[in-house]
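Enquirer: Handing you this structure, nothing more for now.
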Amino acid sequence: MNATKTNTLIESDLQYLATQFETKSIEDVLVWAVPQFAPRIAMTSSFGAEGVVLMDHLYKLGIKLPVIYLDTGYHFAATDELKQKLEDRYGLEIIVQQAEISVEEQARIHGDNLYERDADACCRIRKVEPLKKALGSLDAWVAALRRDQSPTRANIQIVEWNAKHELVKINPLATWTRKDVWNYTVKNDLPYHRLYDEGYSSIGCWPCTKRVKSGEHERSGRWAGQGKIECGIHL
Ligand code: SF4
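First residue of the sequence shown: -5, per this note's numbering; consecutive thereafter.
Here's what the structure looks like:
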């Protein structure tokens, strides 16, 4: 573990905490996590409904938590509109993390539309490596993942050690369902990405995000037909 506060938490502590938090509220998790690791803690978000639920809880608790936004250069214009709306509503501190190379440089080096030929390479350049840089100075990372989003997320713990980035990863929404998220969103009149109303159920970069049909899995519109279900930042 990093030579900082995480030295006071060993993996058995994290397992114990994970078990305890299974039946606790998001508020309980956040009230424990943020003071425990501040200022070396941040959340990541591309402003999906789950991230907004977390932002709303943090705001109501009076807890400030920086938001890392991976600006891939391929986000929908509506994502930036929502980002502005959320900054205004919650007074967010947003850390915009970009790739080492621009979209144009990537095209010069790797050819046009790398996302069509090698989405893993494109995600590595535009998401995975920038995230690694952003998390490098942190001891804890809050993510808005749910277990029921995909098989790759089915076993996440509310608090867990992330060996890849050598920090504690906190998933306060792990036990929430998609329905829980939307019930909370509607009940609290939260802002949400306008593409959800246009047939999209999970929203990432525009070249790799498609509408889904009724009955299809919520993440089936991501990298559709490519046999890929994660960009790599949560693997
Ligand atoms: S989601 Fe698509 S466009 Fe975005 S970084 Fe990955 S491959 Fe590239």
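For each residue, glycine too, the CB sits at the ideal point set by N, CA and C. No experiment lies behind these values; they were computed from the predicted model shown.
Apart from the five residues on each side of it in sequence, which residues of its chain come closer than 7 angstroms, Cβ to Cβ, to Lys204?
Expert: Cβ neighbours of Lys204 beyond the five flanking positions: Gly215, Ala218.
Enquirer: For the segment 131 to 190, list the beta strand (DSSP E) runs that are entirely contained and at least 3 residues long, ordered along the chain.
Expert: Listed in chain order, they are 134 to 136, 153 to 156, 161 to 164.
Enquirer: On a CA-only basis, which of His228, Cys225, Val162 is nearest Ser6? Give me that one, please.
Expert: Closest option to Ser6, Cα to Cα, is Val162.
Enquirer: Suppose you measure from the CA of Val61 to the CA of Ala36; what does that come to, to the nearest Å?
Expert: In a straight line, the C-alpha of Val61 is about 6 angstroms away from that of Ala36.
Enquirer: Please list the terminal residues of the continuous alpha helix (DSSP H) segment that includes Val263.
Expert: The question about residue 263 has no answer here: the residues shown for the chain are numbered -5 through 229.
Enquirer: In terms of alpha-carbon separation, which member of Ala27, Phe70, Val28, Arg34 lies closest to Arg188?
Expert: It is Phe70 whose Cα lies nearest to the Cα of Arg188.
Enquirer: Rounded to whole angstroms, what is the Cα-Cα separation between Leu59 and Ile164?
Expert: Computed Cα separation, rounded: 13 angstroms.
Enquirer: Which full runs of the alpha helix (DSSP H) of 4+ residues lie inside the segment 31 to 96, going along the chain?
Expert: Within the segment 31 to 96, the complete alpha helix (DSSP H) runs of at least 4 residues are 43 to 55, 71 to 84.
Enquirer: Thr13 by DSSP, collapsed to three states: which one?
Expert: Correct three-state label for Thr13: helix.
Enquirer: Looking at the secondary structure, which residues open and close the alpha helix (DSSP H) in which Lys310 lies?
Expert: No information on residue 310 is available, as it lies outside the stretch -5 to 229 that the chain covers here.
Enquirer: Assess contact between the segment 192 to 203 and the segment 45 to 60, defined as three or more Cβ pairs (one per stretch) separated by less than 8 angstroms. Is contact present?
Expert: No, the segment 192 to 203 does not touch the segment 45 to 60.
Enquirer: Is it the case that the Cβ atoms of Asp142 and Thr169 are separated by a distance below 7 angstroms?
Expert: Not closer than 7 angstroms, so no.
Enquirer: Going by C-alpha distance, which of Val122, Ile150, Leu80 is nearest His159?
Expert: Comparing Cα positions, the closest option is Val122.
Enquirer: Since Ala43 contacts Val175 with CB under 8 angstroms, what's their CB separation in whole angstroms?
Expert: That pair is a contact at about 5 angstroms.
Enquirer: Please specify which runs of the beta strand (DSSP E), each continuous and at least 3 residues long, are wholly inside the segment 192 to 218, giving them in chain order.
Expert: Runs of the beta strand (DSSP E) inside the segment 192 to 218: none found.
Enquirer: Determine whether the beta carbon atoms of Arg120 and Ala93 lie at a separation below 7 angstroms.
Expert: Closer than 7 angstroms, so yes.
Enquirer: Cutting at 7 angstroms between CB atoms, please list the residues of its own chain near Ala(-3), excluding the five before and the five after it.
Expert: Caution applies to Ala(-3), whose pLDDT of 41 falls short of 50 and renders its modelled position unreliable; the model cannot decide the point.
Enquirer: For Leu8, which of helix, strand or coil comes out of DSSP?
Expert: DSSP places Leu8 in helix when its eight states are reduced to three.
Enquirer: Return the CA-CA distance between Val97 and Gly67, expressed in angstroms with no decimal places.
Expert: Approximately 6 angstroms, taken between the alpha carbons.
Enquirer: Using the three-state DSSP reduction, which class does Gln100 fall into: helix, strand or coil?
Expert: Here Gln100 sits in helix by DSSP.
Enquirer: For the ligand SF4, list every residue whose C-beta falls under 6 angstroms from any of its heavy atoms, going in chain order.
Expert: With the cut-off at 6 angstroms, the residues found are Thr66, Tyr68, Tyr109, Ala113, Cys116, Cys117, Arg120, Lys121, Gly198, Cys199, Pro201, Cys202, Cys225.
Enquirer: One question on the structure: do Arg213 and Ile223 come within less than 7 angstroms of each other, judged by their Cβ atoms?
Expert: Yes, the Cβ-Cβ distance between Arg213 and Ile223 is below 7 angstroms.
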